[in-house]
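If you want this note's numbering, it's the position in the sequence shown, counting the first as 1, plus 165.
Glycine is no exception: its CB is placed at the ideal position from the N, C-alpha and C atoms.
Heads up, the thing below is written out as structure tokens.
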Amino acid sequence: KKIHFTKGIAKSLNQFGNDYLGSANYNIALDCYFQSLRLNEKIGDIRRVSVNYNNIALVYLAQEDYKTALSYLYKLVEIRKKLNNNDFRLAYANIGKAYFKMTQLDSALLYYQRSYELYNSSVDKFQLSGVLNGLGDVHSKLGNIELAFTCYKMSIAAADPGSIYFAESYYGLAKLFKQ
């Protein structure tokens, strides 16, 4: 603040938001993200605005306010389109998650599938296991047991053994076997 480095302040506030989100302190996380958003809008850093929108959406997803989360995720997609940044993999995965939680399975399947296709055409596979796990969950709910089984197995293969998706995919397989 002393040297008026607004971009640095905005990035720091965003990181504080990430830390508070990680500790489930959602109100403070949102406060940090919104402060960061205002600063990024003020300096015209549209790319960082899109990051803020994603992070704000993550808080609303965690709070089970799926409609609000979707509104920020769609804003993120619109900004990325304006920037000619066609990296929608994570945004589509989060949109799929929101629709899944709202039990709008057709929409969840559509967005998870879009995310999966983008991951397949990319070298960067960060979060691929989460998308595959989401596809497994959707197919399981739709009664597509063989597809769910395949998605969970692919998710396990793509996941870091310490990741949440590694455990969630094994849990999804266990539920299938129980059925």
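- For the pair of segments examined, the region 208-224 was found to touch the region 241-258: the number of CB pairs separated by less than 8 Å reaches three.
- Every alpha helix (DSSP H) stretch that sits fully inside the region 259-318 and reaches 4 residues is listed by chain position as 270-285, 293-307.
- A direct Cα-Cα distance of roughly 11 Å separates Asn219 from Leu202.
- Runs of the alpha helix (DSSP H) lying entirely within the region 230-255, each at least 4 residues long, are 231-247 in chain order.
- For Ser188, there is no enclosing alpha helix (DSSP H), as DSSP gives it neither H nor E.
- Comparing alpha carbon positions, the residue from Ile168, Leu274, Ser287 closest to Asn309 is Leu274.
- Check the Cα spacing between Ala227 and each of Lys343, Asn179, Tyr191: the tightest is with Tyr191.
- With contacts defined by Cβ atoms closer than 7 Å, Ser294 and Tyr330 form a contacting pair.
- Glu243 and Glu206 have their C-alpha atoms roughly 15 Å apart.
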